[in-house]
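Asks: I am attaching a structure below and will ask some questions about it afterwards.
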Amino acid sequence: MTDVIGILESIEPFVIVRSAHGTVVEVAPERVLALKAVSARPVRTSEIRSLELASADGWPGVEHAWIDGWLARYGQGFTGRANSATPLGDPGTVGNLNDSSRGSTLARLRAWYDERGLPLRLLIPDRLADVPLGWNVRDEVVVMAADIESLALPQGPRSAIVADHPDPKWLALYHYRGSAPNFAVDVLNSVNNGSLGFGRIEAADSALLAVARGSVTSAPDGRLRVGLTAVEVAEAHRRQGIGTLICGDMINWGRERGATQAYLQVAGENEGAQAMYRSIGFLAHHHYRYATEPGGRRRVGSGR
1438 MTDVIGILES
1448 IEPFVIVRSA
1458 HGTVVEVAPE
1468 RVLALKAVSA
1478 RPVRTSEIRS
1488 LELASADGWP
1498 GVEHAWIDGW
1508 LARYGQGFTG
1518 RANSATPLGD
1528 PGTVGNLNDS
1538 SRGSTLARLR
1548 AWYDERGLPL
1558 RLLIPDRLAD
1568 VPLGWNVRDE
1578 VVVMAADIES
1588 LALPQGPRSA
1598 IVADHPDPKW
1608 LALYHYRGSA
1618 PNFAVDVLNS
1628 VNNGSLGFGR
1638 IEAADSALLA
1648 VARGSVTSAP
1658 DGRLRVGLTA
1668 VEVAEAHRRQ
1678 GIGTLICGDM
1688 INWGRERGAT
1698 QAYLQVAGEN
1708 EGAQAMYRSI
1718 GFLAHHHYRY
1728 ATEPGGRRRV
1738 GSGR
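Offset between the sequence shown (1-based) and the working numbering: plus 1437.
Encoded structure:
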């Protein structure tokens, strides 16, 4: 078995794929295990780093520090991204965590999190660093992205109202793995050198149907990106297109502020959400995983 990468031209009576070199491959449908949308070209390592840097500024936690090329973030234990260290320094500056000496990068990172009462947790994007030997790896996340001009966004007037902070009604609808702690607002309101928008769609009776958070930040490549986080649709109104609608409105909000690319993070096992975002035009850009030391004191709140 192998993969065939190219433009899908037909699925019946044969699955027909035309490669970038013009070669046509025909496969009987019963022999196909899976069809998966991929980027139109390979994603460069520098592009992964740039997107992750923009994302880190869009969800930075309440404290952060650069330690030997690793960006350490603290967000009072709320979400994995806001409470993990990630290797986003320039190539050649990222410290090797397999060095266990007393003055090593690993020791400095561990001490930084010890001071804040959390165990050391790493966020490892594809190709940016290796997982330290013997560490536990879990919680794969798919980072999806697309140029805004290529997205199939809802047409017509904007349905969402966008504010610069989340009010109690917005916070009441946002549920992070069940519920969000009171101090989550500190993480939600944090951004580095960027803009924040908190969107909502309301019914005629003012009941809240959906909420979403957007952040517009830049990276060393100079490109502005809008990141979608905290997307939540009221349970009684799911699977009615409202999630697509509020995502489209927040992407347009970001475009008005100069963003040319949109991105979001989805848990690897959440196939339903990935399918919804693919229907808009998002594609898998890269993945990241969390790594923790074996025998750590306690687990940081998991999540994207």
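Glycine included, C-beta positions come from ideal geometry on N, C-alpha and C.
Restricting to runs no shorter than 4 residues, where is the alpha helix (DSSP H) found entirely within the segment 1628-1715?
Replies: 1679-1693
Asks: Going by the CB atoms, is the gap between residue 1671 and residue 1647 shorter than 8 Å?
Replies: yes
Asks: Determine the extent of the beta strand (DSSP E) in which residue 1584 is found, giving its start and end residues.
Replies: 1573-1584
Asks: Quick one: does residue 1698 have its CB under 8 Å from some CB of chain D?
Replies: Here there is only one protein chain, and chain D is not present.
Asks: Is it right to say residue 1702 is buried, meaning 16 or more other beta carbons lie within 10 angstroms of its own, or is it exposed?
Replies: buried
Asks: Note down the Cα distance separating residue 1707 from residue 1642, rounded to an integer number of angstroms.
Replies: 32 Å
Asks: If residue 1700 sits next to residue 1582, beta carbons under 8 Å apart, how far is it from one beta carbon to the other, in whole angstroms?
Replies: Sure, about 4 Å apart at Cβ, within 8 Å.
Asks: Curious, which full-length alpha helix (DSSP H) runs of at least 4 residues does the segment 1469-1497 contain?
Replies: Segments of the alpha helix (DSSP H) lying fully in the segment 1469-1497: 1482-1495.
Asks: Verify whether the separation of the beta carbon atoms of residue 1460 and residue 1504 is less than 8 Å.
Replies: no
Asks: Among residues of its own chain, excluding the 5 on either side of residue 1565, which ones have a beta-carbon nearer than 6 Å to its beta-carbon?
Replies: 1524
Asks: According to the neighbour-count rule (16 or more other Cβ atoms, all chains shown, within 10 Å of its Cβ), is residue 1587 buried or exposed?
Replies: Of the residues assessed, residue 1587 falls on the exposed side of the cut-off, its CB having fewer than 16 other CB atoms within 10 angstroms.
Asks: Looking only at DSSP bridge pairs, what is residue 1455 linked to?
Replies: 1444, 1461
Asks: Quick one, which of 1451, 1490, 1698 has its alpha-carbon nearest residue 1628's?
Replies: 1490
Asks: Three or more C-beta pairs closer than 8 Å, one from the segment 1610-1619 and one from the segment 1551-1571: is that the case here?
Replies: With the cut-off at 8 Å, the segment 1610-1619 and the segment 1551-1571 do not touch.
Asks: Please find out if some non-hydrogen atom of the ligand MG comes closer than 7 Å to the beta-carbon of residue 1534.
Replies: You won't find the ligand MG in this model; it holds no ligand whatsoever.
Asks: Short of 7 Å in beta carbon distance, which residues of its chain neighbour residue 1607, apart from the five on each side in sequence? Order them along the chain.
Replies: Only 1635, 1637, 1648 meet the Cβ criterion.
Asks: Does the beta-carbon of residue 1494 have 16 or more other beta-carbons within 10 angstroms, so that it is buried, or is it exposed?
Replies: buried
Asks: Looking only at its own chain, which residues have a Cβ that is under 7 Å from the Cβ of residue 1681, when we skip the five neighbours before and after it?
Replies: Once the five neighbours on either side are set aside, the close Cβ partners of residue 1681 are 1591, 1713, 1717.
Asks: What is the DSSP secondary structure of residue 1385, counted as helix, strand or coil?
Replies: Only positions 1438 to 1741 of the chain appear in this structure, which leaves residue 1385 out of reach.
Asks: Bridge partners for residue 1503 per DSSP, in chain order?
Replies: 1508
Asks: What residue does the alpha helix (DSSP H) around residue 1621 start on, and which one ends it?
Replies: 1621-1625
Asks: Checking the sheet assignment: what are the DSSP bridge partners for residue 1558?
Replies: Residue 1558 pairs with 1729.
Asks: Applying the 10 Å Cβ sphere with the 16-neighbour rule, what's the burial state of residue 1735?
Replies: At residue 1735 the pLDDT is 44, less than 50, meaning the model places this residue with poor confidence and gives no usable figure here.
Asks: Roughly how many whole angstroms lie between the Cα atoms of residue 1723 and residue 1486?
Replies: So the alpha carbons of these two residues sit roughly 10 Å apart.
Asks: Can the beta-carbon of residue 1496 be found less than 8 Å from the beta-carbon of residue 1519?
Replies: yes
Asks: Spatial neighbours of residue 1527 within its chain, please: CB distance less than 6 Å, with the 5 preceding and 5 following residues excluded, ordered by chain position.
Replies: none
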